[in-house]
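Trainee: Numbering (this note's numbering), first residue to last: 4 to 440.
For reference, the structure I am asking about is given below.
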Amino acid sequence: MAFERYGTMKVNDKGHLEIGGVDTLKLAESYGTPLYVYDVALIRERARGFKKTFEELGVKAQVAYASKAFSAIAIYQLMAEEGMSLDVVSGGELYTAIEAGYPKERIHFHGNNKTREELVMALDYEIGCIVLDNFYEIELLTELLRNRKQKIAVLVRVTPGIEAHTHDYILTGQDDSKFGFGLTNGQAEEAIRQVLAASDAFDLIGLHCHIGSQIFETTGFVMAAHRIMEQLVTWHESLGFDSKVLNLGGGFGVRYTEEDKPLEPAEYVRQIVAEIKKVADGHGLAVPEIWIEPGRSLVGEAGTTLYQAGSRKEVPGVRQYLAVDGGMNDNIRPALYEAHYEAVLARRPLDKPEETISLAGKCCESGDMLIWDLPLPKAAAGDYLAVFCTGAYGYAMASNYNRIPRPAVVFVENGEAKLVIKRESYADLIQNDLALN
Ligand code: PLP
């Protein structure tokens with residue numbers, strides 16, 4: 004069965020779906036639904052796997068958790084415990100990291116429109132580095148740093164002109180992107196010149212690129228690494244610039260459904276490192292420190308969402324809809340990206356399918372569908388469903404549309420469950436509302 008691939012997930016002796024040694028029915032009953040359940044052992048295994056691969060290859064590296072995938076105090080503390088660095092993209096993520104006690108020197112700040120306030124926050128906290136994304140930011144940050152007589156490490160984000168094979172909305176390394184400086188149109192070189200010229204404010208430690216997400220091949224990464232390294236050879240001569248760090252971003256694919264065939268995370272790393280070493284050795288350049296920023300591949304498969312089934316609607320001769328107590332509020336990806344998922348009944352995950360249902364959310368949107376045409380044993384109101392691989396961009400993109408409270412999040416490990424985000428209450432929903440009179 005599909006779910007056997009995800010970490011500690013198994014079917015227990017009662018025949019129920021179990022994660023991290025905890026019965027999912029017990030979780031649903033104790034914490035209510037919808038409920039995000041995270042398999043902590045799987046997150047640790049992934050984090051350690053990336054780090055170990057770099058160690059085995061003998062290159063200096065940093066693995067930064069791209070926390071847009073799931074941002075919360077508990078996940079930040081877990082990543083800190085695992086010795087990871089952290090990629091944040093907003094004042095809110097940065098604040099959460101600081102509140103979590105994240106080692107500030109391991110925090111990297113991204114974003115294509117960081118505000119003055121957010122930049123000041125980053126400078127006040129003295130975080131590890133800022134990833135420069137555009138000329139406006141270079142100017143703004145130079146002014147801030149000079150006024151404060153402060154200096155900070157920066158990377159320059161480049162778009163290497165790579166079209167990775169993925170959904171258009173999650174493709175970022177192509178020339179026509181809102182992110183970064185174009186490598187082929189000369190903007191990246193101009194950015195490097197400006198940053199080098201402001202050496203009283205910036206310590207330019209290297210370059211960054213991120214070619215897209217949910218990528219199943221190494222070709223795009225290898226091409227990006229190759230182009231940037233070739234460029235570095237030129238800049239070594241023309242600008243005297245040597246990149247101490249080369250950050251190749253995240254984007255390593257995960258398995259949402261049986262059709263998805265991601266590579267082992269280590270495989271992406273091996274190929275990237277091999278290419279960087281090849282070009283560096285070929286031109287007598289030092290191999291830069293290699294950084295990566297996995298998000299989805301660290302937490303995606305570790306997350307499962309439990310829902311309770313409610314109403315059913317049959318469109319005779321067309322389709323059976325089964326509605327659950329969540330939907331696009333807790334998982335926008337099917338509506339946003341036409342993302343596909345798999346699910347089972349938590350009470351009897353191994354039972355043979357008896358019908359094909361389409362799993363609907365409860366929002367007032369026809370597009371609020373979680374899974375179309377899901378083969379399932381006969382399910383009735385009250386049954387719990389487990390939707391797999393919801394750990395990335397699920398809670399992170401959750402909303403209160405229709406004034407539906409955001410679900411709770413539990414971490415499970417070694418037979419213990421720990422509530423790490425409380426379910427929102429109706430009172431939480433109106434806490435910032437002000438009465439008209
Ligand atoms: N790094 C950057 C700059 C990103 O924009 C993203 C995702 O959008 C990531 C890392 C993480 O990507 P993923 O979750 O697919 O690994």
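We put the beta carbon where it would ideally sit given N, CA and C, even for glycine.
Just so we're clear, the structure is a prediction, and the values are computed from it rather than from any experiment.
What are the complete alpha helix (DSSP H) segments, minimum 4 residues, inside the region 160-246?
Mentor: 190-200, 222-241
Trainee: Expressed to the nearest angstrom, what Euclidean distance is found between the alpha-carbon atoms of Asn-417 and Ser-202?
Mentor: To locate residue 417, count along the sequence shown from 1; it is residue 414. To locate residue 202, count along the sequence shown from 1; it is residue 199. If you take the alpha carbons of Asn-417 and Ser-202, they lie about 50 Å apart.
Trainee: Extract the residue ranges of the alpha helix (DSSP H) inside the region 332-374, only unbroken runs of 4 or more that lie entirely within it.
Mentor: 336-340
Trainee: May I have the straight-line CA-CA distance separating Leu-388 from Asn-150, to the nearest angstrom?
Mentor: As a position in the sequence shown, residue 388 is number 385, starting the count at 1. As a position in the sequence shown, residue 150 is number 147, starting the count at 1. The alpha-carbon atoms of Leu-388 and Asn-150 are separated by roughly 56 Å.
Trainee: For a quick check, are the C-beta atoms of Val-318 and Leu-373 less than 8 Å apart?
Mentor: The residue you call residue 318 lines up with position 315 of the sequence shown. The residue you call residue 373 lines up with position 370 of the sequence shown. Against a cut-off of 8 Å, the Cβ pair of Leu-373 and Val-318 comes out as no contact.
Trainee: Along the chain, where does the beta strand (DSSP E) that runs through Ala-67 open and close?
Mentor: For the purposes of this step, residue 67 is taken as the residue at position 64 of the sequence shown. Where Ala-67 is concerned, the enclosing beta strand (DSSP E) stretches over 64-69.
Trainee: Where do the ends of the beta strand (DSSP E) carrying Thr-145 lie?
Mentor: To locate residue 145, count along the sequence shown from 1; it is residue 142. Careful: Thr-145 lies outside any beta strand (DSSP E), inside the alpha helix (DSSP H) at 138-151.
Trainee: Taking C-alpha atoms, which residue in Leu-251, Glu-267, Val-248, Leu-249 lies nearest to Val-257?
Mentor: Locating residue 257 in the sequence shown gives position 254, where the first residue counts as 1. The closest CA to that of Val-257, considering only Leu-251, Glu-267, Val-248, Leu-249, is found on Glu-267.
Trainee: Go to Val-257, then tell me how far its beta strand (DSSP E) extends in each direction, as first and last residue.
Mentor: Numbered from 1 along the sequence shown, position 254 holds the residue referred to as residue 257. Note, Val-257: premise wrong, no beta strand (DSSP E); not H, not E.
Trainee: Any idea what DSSP makes of Arg-51, helix, strand or coil?
Mentor: For the purposes of this step, residue 51 is identified with residue 48 of the sequence shown, where counting begins at 1. Here Arg-51 sits in helix by DSSP.
Trainee: By the three-class DSSP mapping on this structure, what secondary structure does Leu-2 have?
Mentor: Nothing about residue 2 can be reported from this structure: the residues present for the chain run from 4 to 440 only.
Trainee: Buried or exposed: which applies to Gly-306, given that a residue is buried once 16 or more other Cβ atoms fall within 10 Å of its Cβ?
Mentor: Position 303 of the sequence shown holds residue 306. Buried is the call here.
Trainee: Distance, Cα to Cα, Asn-405 vs Asp-371?
Mentor: Counting from 1 along the sequence shown, the entry for residue 405 is found at position 402. Counting from 1 along the sequence shown, the entry for residue 371 is found at position 368. Going by the C-alpha atoms only, they are around 12 Å apart.
Trainee: Which of the three DSSP states, helix, strand or coil, is assigned to Gly-252?
Mentor: What you label residue 252 is simply residue 249 of the sequence shown in a count that begins at 1. Under the three-state reduction of DSSP output, Gly-252 falls in the coil class, being neither helix nor strand.
Trainee: Is the closest heavy atom of the ligand PLP to the C-beta of Asp-90 under 7 Å?
Mentor: Residue mapping note: residue 90 aligns to position 87 of the sequence shown, counting from 1. Yes.
Trainee: Mark Gly-164 as exposed unless 16 or more other C-beta atoms lie within 10 angstroms of its C-beta, in which case mark it buried.
Mentor: Walking along the sequence shown from the start, residue 164 turns up at place 161. That one is buried.
Trainee: Can you list, in chain order, every residue whose CB sits closer than 5 Å to a heavy atom of the ligand PLP?
Mentor: Ala-69, Ala-72, His-213, Ser-216, Gly-252, Gly-253, Gly-254, Glu-296, Pro-297, Gly-298, Arg-299
Trainee: Among residues of its own chain, excluding the 5 on either side of Tyr-172, which ones have a beta-carbon nearer than 8 Å to its beta-carbon?
Mentor: Numbered from its first residue, the sequence shown carries residue 172 at position 169. Confidence at Tyr-172 is low in this model, with a pLDDT of 44, below 50, so its placement is unreliable and the value that follows should be read with caution. Excluding sequence neighbours, Tyr-172 sits near Leu-339, Tyr-340.
Trainee: Bridge partners of Gly-306, per DSSP?
Mentor: Numbered from its first residue, the sequence shown carries residue 306 at position 303. Answer is Tyr-41, bridged to Gly-306.
Trainee: Please confirm whether Val-415 and Ile-22 have their CB atoms less than 8 Å apart.
Mentor: As a working mapping, residue 415 is identified with position 412 in the sequence shown. As a working mapping, residue 22 is identified with position 19 in the sequence shown. The Cβ-Cβ distance between Val-415 and Ile-22 falls below 8 Å.
Trainee: Tell me whether Ala-200 is buried or exposed, calling it buried when 16 or more other Cβ atoms sit within 10 Å of its Cβ.
Mentor: Position 197 of the sequence shown, counted from the start, is the residue given in the question as residue 200. Exposed: under 16 other Cβ atoms inside 10 Å.
Trainee: Keeping to the same chain, check which residues put their C-beta closer than 8 Å to that of Val-43; ignore five residues upstream and five downstream.
Mentor: Taking the sequence shown and counting its residues from 1, the one referred to as residue 43 is at position 40. Contacts found: Gly-23, Leu-81, Ala-305, Phe-414, Val-415, Glu-416.
Trainee: On the DSSP bridge assignment, give the partners of Lys-311 in chain order.
Mentor: Taking the sequence shown and counting its residues from 1, one reaches residue 311 at position 308. Checking the sequence, you will find Gln at residue 311 rather than Lys. Answer is Tyr-387, bridged to Gln-311.
Trainee: Excluding the five sequence neighbours on either side, which residues of its own chain have a C-beta within less than 8 Å of the C-beta of Cys-366, listed in chain order?
Mentor: Position 363 of the sequence shown, counting from 1, holds the residue named residue 366. Its chain contains Gly-330, Met-331, Asn-332, Tyr-404, Asn-405, Ile-407 as the residues whose beta carbon lies nearer than 8 Å to that of Cys-366, once the 5 sequence neighbours on both sides are disregarded; these appear in chain order.
Trainee: Suppose the cutoff is 6 Å on Cβ atoms and the five residues either side in sequence are ignored; what does the same chain contact list for Gln-197 look like?
Mentor: Working through the sequence shown from its first residue, we reach residue 197 at position 194. Closer than 6 Å at Cβ, skipping near neighbours: Ile-141.
Trainee: With a Cβ-Cβ cutoff of 8 Å, do Met-226 and Val-282 count as a contact?
Mentor: Position 223 of the sequence shown, counted from the start, is the residue given in the question as residue 226. Position 279 of the sequence shown, counted from the start, is the residue given in the question as residue 282. Not a contact, by the Cβ cut-off of 8 Å.
Trainee: Using three-state DSSP, classify Phe-112 as helix, strand or coil.
Mentor: Here residue 112 is taken as the residue at index 109 of the sequence shown, counted from 1. The answer is strand: DSSP assigns Phe-112 an E or B state.
Trainee: Looking at Gly-253: is its Cβ nearer than 8 Å to the Cβ of Ala-395?
Mentor: Numbered from its first residue, the sequence shown carries residue 253 at position 250. Numbered from its first residue, the sequence shown carries residue 395 at position 392. For Gly-253 and Ala-395, no; Cβs fall outside 8 Å.
Trainee: What is the DSSP secondary structure of Ser-300, counted as helix, strand or coil?
Mentor: Numbered from its first residue, the sequence shown carries residue 300 at position 297. If DSSP states are grouped into helix, strand and coil, Ser-300 belongs with the helices.
Trainee: Quick check on Asn-334: buried or exposed, where buried means 16 or more other Cβ atoms within 10 Å of its Cβ?
Mentor: As a first step, residue 334 must be located in the sequence shown, where it is residue number 331. Buried is the call here.
Trainee: Quick check on this structure: which residue in Tyr-324, Phe-73, Lys-29, Val-62 has the alpha carbon closest to the alpha carbon of Leu-377?
Mentor: As a working note, residue 377 is residue 374 in the sequence shown. Leu-377 has its Cα closest to that of Tyr-324, out of Tyr-324, Phe-73, Lys-29, Val-62.
Trainee: Do the CB positions of Ala-103 and Tyr-79 come within less than 8 Å of each other?
Mentor: Start at 1 with the first residue of the sequence shown, and residue 103 comes out as number 100. Start at 1 with the first residue of the sequence shown, and residue 79 comes out as number 76. Against a cut-off of 8 Å, the Cβ pair of Tyr-79 and Ala-103 comes out as a contact.
Trainee: Which residues in the same chain have their Cβ closer than 7 Å to the Cβ of Pro-410, if we skip the five residues on either side of it in sequence?
Mentor: As a position in the sequence shown, residue 410 is number 407, starting the count at 1. Answer for Pro-410: Pro-37, Leu-38, Tyr-39, Gly-329, Asp-333, Arg-426, listed in chain order.
Trainee: Less than 8 Å between the CB atoms is what I'm expecting for Asp-90 and Glu-292, so what's the real figure, rounded?
Mentor: Within the sequence shown, numbered from 1, the residue matching residue 90 stands at position 87. Within the sequence shown, numbered from 1, the residue matching residue 292 stands at position 289. Contact between Asp-90 and Glu-292 is ruled out by a C-beta separation of about 16 Å, above the 8 Å threshold.
Trainee: Looking at the secondary structure, which residues open and close the beta strand (DSSP E) in which Tyr-324 lies?
Mentor: For the purposes of this step, residue 324 is taken as the residue at position 321 of the sequence shown. That run of the beta strand (DSSP E) goes 322-327.
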